[in-house]
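Colleague:
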Amino acid sequence: MTTILLGPQRFTITVDKTLRSLGLEGSVAMINSGWEEREGDDDELGGYLQGRGDNLRLYHRLVDSLSKDRDFARAALRFRDRHDELRAFYGIRLQGAVETVAAVAHRTSVESIGPVAHSAAIEAVRDVDRWYGEQLEQLHDEIATDAAEHSEVIGWHRSEVAGALDACAAVVIAGGDVRSLMRTLRLFDVRIPADKPVIAWSAGAMALTEQVVLFHDFATHGVSASEVYDRGLGRVRGIVALPHARRRLRLSDTDRMSLLARRFPDQRLLLLDDGAVVRLDDDGPDLPSGSRTIGADGAVSVVEDAA
Amino acid sequence: MSPRDRLAVNRLKAKLPLDGPTIDRFIGRHGSPIIEGERATFLFRGEVDEVWLRHRVVGLPDPMALERIGDSDLWAVTTVLPEGSRVEYQLEIRKGESYERFNDPLNTRLAHSPMGSSSVCAAFGYRVPDWVSPDPEARPGELVDEVIQSKALGRDQPVQIYLPARYNRAQRYPLLVVHDGPDYLAYTSMKTVLDNLIHRLDVDPLVVVFVPPGDRLKEYPNHAPHARFITQELVPLLNERLPLIDTPEARSLMGSSFGGVASLSTAARYPGFFGSLMLQSASLVSTDIGFDHGGGPVFDPVVKFVNGYREKPEQVVDRIYMTCGVYEPLIAPNRSMVPVLRHTGTKVHYTESRDGHNWENWRDGLGGGLSWLFPGPQKFVYE
Numbered sequence: 025m026t027t028i029l030l031g032p033q034r035f036t037i038t039v040d041k042t043l044r045s046l047g048l049e050g051s052v053a054m055i056n057s058g059w060e061e062r063e064g065d066d067d068e069l070g071g072y073l074q075g076r077g078d079n080l081r082l083y084h085r086l087v088d089s090l091s092k093d094r095d096f097a098r099a100a101l102r103f104r105d106r107h108d109e110l111r112a113f114y115g116i117r118l119q120g121a122v123e124t125v126a127a128v129a130h131r132t133s134v135e136s137i138g139p140v141a142h143s144a145a146i147e148a149v150r151d152v153d154r155w156y157g158e159q160l161e162q163l164h165d166e167i168a169t170d171a172a173e174h175s176e177v178i179g180w181h182r183s184e185v186a187g188a189l190d191a192c193a194a195v196v197i198a199g200g201d202v203r204s205l206m207r208t209l210r211l212f213d214v215r216i217p218a219d220k221p222v223i224a225w226s227a228g229a230m231a232l233t234e235q236v237v238l239f240h241d242f243a244t245h246g247v248s249a250s251e252v253y254d255r256g257l258g259r260v261r262g263i264v265a266l267p268h269a270r271r272r273l274r275l276s277d278t279d280r281m282s283l284l285a286r287r288f289p290d291q292r293l294l295l296l297d298d299g300a301v302v303r304l305d306d307d308g309p310d311l312p313s314g315s316r317t318i319g320a321d322g323a324v325s326v327v328e329d330a331a
Numbered sequence: 020m021s022p023r024d025r026l027a028v029n030r031l032k033a034k035l036p037l038d039g040p041t042i043d044r045f046i047g048r049h050g051s052p053i054i055e056g057e058r059a060t061f062l063f064r065g066e067v068d069e070v071w072l073r074h075r076v077v078g079l080p081d082p083m084a085l086e087r088i089g090d091s092d093l094w095a096v097t098t099v100l101p102e103g104s105r106v107e108y109q110l111e112i113r114k115g116e117s118y119e120r121f122n123d124p125l126n127t128r129l130a131h132s133p134m135g136s137s138s139v140c141a142a143f144g145y146r147v148p149d150w151v152s153p154d155p156e157a158r159p160g161e162l163v164d165e166v167i168q169s170k171a172l173g174r175d176q177p178v179q180i181y182l183p184a185r186y187n188r189a190q191r192y193p194l195l196v197v198h199d200g201p202d203y204l205a206y207t208s209m210k211t212v213l214d215n216l217i218h219r220l221d222v223d224p225l226v227v228v229f230v231p232p233g234d235r236l237k238e239y240p241n242h243a244p245h246a247r248f249i250t251q252e253l254v255p256l257l258n259e260r261l262p263l264i265d266t267p268e269a270r271s272l273m274g275s276s277f278g279g280v281a282s283l284s285t286a287a288r289y290p291g292f293f294g295s296l297m298l299q300s301a302s303l304v305s306t307d308i309g310f311d312h313g314g315g316p317v318f319d320p321v322v323k324f325v326n327g328y329r330e331k332p333e334q335v336v337d338r339i340y341m342t343c344g345v346y347e348p349l350i351a352p353n354r355s356m357v358p359v360l361r362h363t364g365t366k367v368h369y370t371e372s373r374d375g376h377n378w379e380n381w382r383d384g385l386g387g388g389l390s391w392l393f394p395g396p397q398k399f400v401y402e
């Protein structure tokens, strides 16, 4: 199973060379539903795919499903309202828990209680993340899944999408709004066959992992802590994808980066900046040399060649 | 060379006597006002008996006399103007017994308000935010005119409703109600600002209702019918007609000057109805003893409300974004309200600008305020 995660493609284009390096023939399934209503403006992207792109138009299919299936549309609204409220409460709990970690870390400890308190504070953050994940799964089970399973329109779209994925030689997933991307991937039950190479960047790279984590340390306002958003497709295991890391993370703030790493102890935090090309040839967590990650100490390190 | 000698006007004085062409070249080269570090030199040219700089900057003398340079027809005064400042001013002249006041003829930069226009002096370091000008890439929202029959106010009340770009009835939106709505649209370019900030993902797409005042001085300082109109008529009607998020957290009320008093007093009459407020240079005048507030009769109901609130402060919203210019007379009342509001448990974000009581100050504060009240979806987008 070959998966290639790239840095953002806005200024440094590498998808064309990467696709050529695979030496494949046949169509390339394009998923760019993160572009939302601009999904159809795909000429430039299609050009990088040597004119072989087959846009799965997942966002268009979502809009079509919402307009044709009222039961699904009602369920989608209910899901969104409850998800928004869940995220609001998660944000309140998370912000408090993260601020507690910082406060504990800065408190002078004479009697060696500090490190224990710090670990416990980080565990409390993990507990908030876990609570959110469990609530979200419950929400998916209660509302979203059922309505989609019984929808003829969605069933028809799913079958078309599955057919296109079977027929293609490779899959490309672009960035954009990760909410819309995840929503469409989940709704149309996108399952990419293991033998099809996948090239993805930005939101697309995040979608391939087990856990989609939102982050923006320089966002003007709102919840400043990184947030778990959803589970991803899980094709790439053991990795949290962090596109635009230099522009979006305070990488020099090792306390902050350390907390981020320690929140996800089973995952490696992979930085995907401009020009990054990370090729993963099986489902293991080994990263190729040159990959940049954030360690538990909060420092950025570069994976060196095992040899 | 001393700092004083480095000023252009002082170098000019060293060339006395001045002839017309020399002054022409000086003005052509420097314009007016001349900004040199934290000094601003204001110029006037003409055969008059006296010239003054007129302004409302707290801390600087008003009027400020300009001095004639030698025997020429050029007048000048230099004052301190800290980095990042922006002030509005006019010039006043006397010819014999005749006085006249007007904008600076040597300065094309003007600010507009319901009271007319003024000349603008921007100090070193001041920049007009780039989200103020129309961005061709930003999709425009739409302004819709509506008239609401108000029993509370006993009249038909017009409003303008801003629907963001890509408005979709299948979505749900937060709501912002704006006092002095037409003035915000005319003098802060608020529609353009909203279009740009939403486009940049700094602000969540939202519905904004611009409400014009009736009898402003009567209805804005703590007026029961006004508060009833906003909370019991306007918002419920909008909830019926538009896909709004019907929770206090998603509802905000804002205003400047008396509009700020209207916002706080409405929230105080209906605690918990709004989740947040944006108060820009709110006229929160109070007295610590007696009733001599110095604001004249129009401020009497303001002072009565603010004194009452300060005596028994209570939390009426979750969050307040407060701004005030350091050069306006309301800076002390605003500063003194911050701890009062915070003491109630309200989360208060308070910022000051080096500006005055004017619309461009309030315009420049919209970016910070709107993105604090309605944070945009930056965290979701990874292009």
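Chain order of the listed sequences is A and B.
25 is the number of the first residue of the first sequence in the working numbering; add one for each residue after it.
20 is the number of the first residue of the second sequence in the working numbering; add one for each residue after it.
Backbone N, C-alpha and C define an ideal beta-carbon position, used for all residues, glycine too.
Evaluate Glu116 of chain B with the Cβ neighbour count: other Cβ atoms within 10 Å of its Cβ, from every protein chain shown; 16 or more gives buried, anything less gives exposed.
Modeller: With fewer than 16 Cβ atoms within 10 Å of its Cβ, Glu116 of chain B is classed as exposed.
Colleague: Let me see if you follow: with CB-CB separation under 8 Å, is Trp150 of chain B close to chain A or not?
Modeller: No, Trp150 of chain B does not count as interfacial toward chain A.
Colleague: Taking the alpha-carbon of Ser276 of chain B as reference, which of B:Gly50, B:His245 and B:Leu236 has the nearest alpha-carbon?
Modeller: The shortest C-alpha separation from Ser276 of chain B is found at B:Leu236.
Colleague: If the cut is a Cβ gap below 8 Å, which residues of chain B does Met230 of chain A touch?
Modeller: Correct list: Tyr401.
Colleague: Which same chain residues, not among the five before or five after Pro267 of chain B, have their C-beta less than 7 Å away from its C-beta?
Modeller: Same-chain partners within the cutoff: Gly291, Phe292, Phe293 and Gly294.
Colleague: Could you have a look at Lys220 of chain A and say whether DSSP puts it in helix, strand or coil?
Modeller: Three-state DSSP puts Lys220 of chain A in coil, outside helix and strand.
Colleague: Pull up the DSSP beta-bridge partners for Ala53 of chain A, would you.
Modeller: Answer is A:Asp78 and A:Val195, bridged to Ala53 of chain A.
Colleague: Would you say the beta carbon of Arg361 of chain B comes nearer than 7 Å to a heavy atom of the ligand ATP?
Modeller: This structure does not include the ligand ATP; it has no bound ligands of any sort.
Colleague: For Ala157 of chain B, decide whether its Cβ has a neighbour in chain A, counting only Cβ atoms nearer than 8 Å.
Modeller: Taking Cβ atoms only, chain A never reaches closer than 8 Å to Ala157 of chain B, which makes this a no.
Colleague: What does DSSP give as the partner residues of Leu298 of chain B in its beta bridges?
Modeller: DSSP lists B:Gly274 and B:Met341 as partners of Leu298 of chain B.
Colleague: Report the residues of the region 215-233 of chain B with a CB closer than 7 Å to any CB of chain D, ordered along the chain.
Modeller: Structure shown: chain D not included; protein chains present are A and B.
Colleague: Listing by chain order, which chain B residues have their CB less than 8 Å from the CB of Val280 of chain A?
Modeller: It should be noted that the sequence gives Arg, not Val, for residue 280 of chain A. What Arg280 of chain A touches in chain B: nothing, since even the nearest Cβ is about 15 Å away.
Colleague: Step through the CB atoms of chain A and report whether any lies within less than 8 Å of the CB of Trp94 of chain B.
Modeller: Not one chain A Cβ lies under 8 Å of Trp94 of chain B.
Colleague: Per DSSP, which one or two residues make a beta bridge with Glu330 of chain B?
Modeller: According to DSSP, Glu330 of chain B bridges with nothing at all.
Colleague: To the nearest angstrom, how far is it from the Cα of Ile264 of chain B to the Cα of Val226 of chain B?
Modeller: Rounded to the nearest angstrom, the two C-alpha atoms are 10 Å apart.
Colleague: What residues are listed by DSSP as bridge partners for Glu161 of chain B?
Modeller: Paired residues: B:Leu182.
Colleague: Span of the beta strand (DSSP E) holding His312 of chain B?
Modeller: Taken as a continuous stretch (DSSP letters only), His312 of chain B belongs to no beta strand (DSSP E), as it is neither H nor E.
Colleague: Is His131 of chain B buried or exposed, if buried means 16 or more other CB atoms sit within 10 Å of its CB?
Modeller: Exposed.
Colleague: When you compare only the Cα positions, how much space is there between Arg361 of chain B and Glu119 of chain B?
Modeller: Distance between the alpha carbons of Arg361 of chain B and Glu119 of chain B: 46 Å.
Colleague: When DSSP labels each residue in this structure, what does Ala129 of chain A get in the three-state scheme?
Modeller: In the structure shown, Ala129 of chain A sits in a helix (DSSP, three-state: H, G or I).
Colleague: Assuming Pro40 of chain B is part of the alpha helix (DSSP H), what are its boundary residues?
Modeller: Counting along the chain, the alpha helix (DSSP H) containing Pro40 of chain B begins and ends at Gly39 to His49.
Colleague: With 8 Å as the threshold, decide whether the Cβ of Gln299 of chain B is near any Cβ in chain A.
Modeller: It does not; no Cβ of chain A falls within 8 Å.
Colleague: If you check the beta carbons only, do Val195 of chain A and Ala300 of chain A fall under 8 Å apart?
Modeller: Cβ distance not < 8 Å, so Val195 of chain A and Ala300 of chain A don't count as in contact.
Colleague: Please state whether the Cβ-Cβ distance between Asp81 of chain B and Arg73 of chain B is less than 8 Å.
Modeller: Cβ atoms of Asp81 of chain B and Arg73 of chain B: closer than 8 Å.
Colleague: Taking the continuous alpha helix (DSSP H) assigned at Ala145 of chain A, which residues delimit it?
Modeller: Looking at the DSSP string, the run of the alpha helix (DSSP H) that includes Ala145 of chain A is Gly138 to Leu163.
Colleague: Comparing C-alpha positions only, which one of B:Arg338, B:Pro332, B:Gly344 and B:Ala142 sits nearest to Val77 of chain B?
Modeller: The candidate whose alpha carbon is nearest that of Val77 of chain B is B:Gly344.
Colleague: Starting from Pro32 of chain A, find everything on chain B with Cβ-Cβ shorter than 8 Å and list it in chain order.
Modeller: Here the neighbours are Tyr401 and Glu402.
Colleague: Cutting at 6 Å between CB atoms, please list the residues of its own chain near Arg64 of chain B, excluding the five before and the five after it.
Modeller: So the qualifying residues of the chain are Asp92 and Leu93.
Colleague: Residues in the region 234-262 of chain B with C-beta within 9 Å of chain A's C-beta atoms, listed in sequence order?
Modeller: Per Cβ criterion, the list is empty.
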